[in-house]
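Visitor: In case it helps, the UniProt record's numbering puts the sequence shown at residues 1 to 96.
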Amino acid sequence: MLDECKALANETRLSILEWLKDPGAHFAHGAGDEPLGVCVGLIQQRAGCSASTVSAHLAVLQRAGFLQATRRGQWTYYRRDEARIRAFAARLHHDL
1 MLDECKALAN
11 ETRLSILEWL
21 KDPGAHFAHG
31 AGDEPLGVCV
41 GLIQQRAGCS
51 ASTVSAHLAV
61 LQRAGFLQAT
71 RRGQWTYYRR
81 DEARIRAFAA
91 RLHHDL
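1. I need the straight-line Cα distance from Gly73 to Leu96, nearest angstrom please.
2. Taking 8 Å as the threshold (C-beta atoms), are Arg84 and His57 in contact?
3. Give the list of continuous alpha helix (DSSP H) stretches no shorter than 4 residues that lie fully inside the UniProt domain "HTH arsR-type" (1 to 96).
4. List the whole-angstrom C-beta distance separating Ala59 from Glu4, where the pair is believed to meet the contact cut-off of C-beta under 8 Å.
5. Using beta-carbon positions only, say whether Leu20 and Tyr77 come within less than 8 Å of one another.
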């Protein structure tokens with residue numbers, strides 16, 4: 001559980017999770033319609049960070065189990081892993 005808490009201990013990572021909860025409201029028109037998720041370029045644009053910084057944030061969230069990544073050609077798409085997020089929240093609620 002410590003890795004998950006560390007992943008959430010950053011404002012940008014929390015924002016990314018929030019944006020991906022409702023991609024249609026936070027990204028360019030049509031981004032929420034992509035079944036694979038939101039491409040990293042749109043996340044980078046929204047975050048206003050360098051590509052390497054956003055990639056590092058996404059990797060931390062993915063290792064913690066909060067995001068799933070799908071690669072299609074040169075593009076990587078990210079979406080939330082809702083089941084893992086619910087399980088973490090339940091574990092947090094139970095343990096604390």
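Backbone N, C-alpha and C define an ideal beta-carbon position, used for all residues, glycine too.
These numbers were taken from a predicted model, which means no experiment stands behind them.
Guide: To lay it out plainly:
1. Residue mapping note: residue 73 aligns to position 73 of the sequence shown, counting from 1. Residue mapping note: residue 96 aligns to position 96 of the sequence shown, counting from 1. Approximately 43 Å, taken between the alpha carbons.
2. Counting from one through the sequence shown, the residue named residue 57 turns up at place 57. Counting from one through the sequence shown, the residue named residue 84 turns up at place 84. Arg84 is positioned such that its CB atom lies no closer than 8 Å to that of His57.
3. Listed in chain order, they are 2 to 8, 11 to 21, 23 to 26, 40 to 47, 51 to 63 and 82 to 95.
4. On the sequence shown, position 59 is the one that residue 59 refers to. On the sequence shown, position 4 is the one that residue 4 refers to. Taking 8 Å as the upper bound for CB-CB distance, Ala59 and Glu4 are not in contact here, some 14 Å apart.
5. As a position in the sequence shown, residue 20 is number 20, starting the count at 1. As a position in the sequence shown, residue 77 is number 77, starting the count at 1. No, they are not a contact pair.
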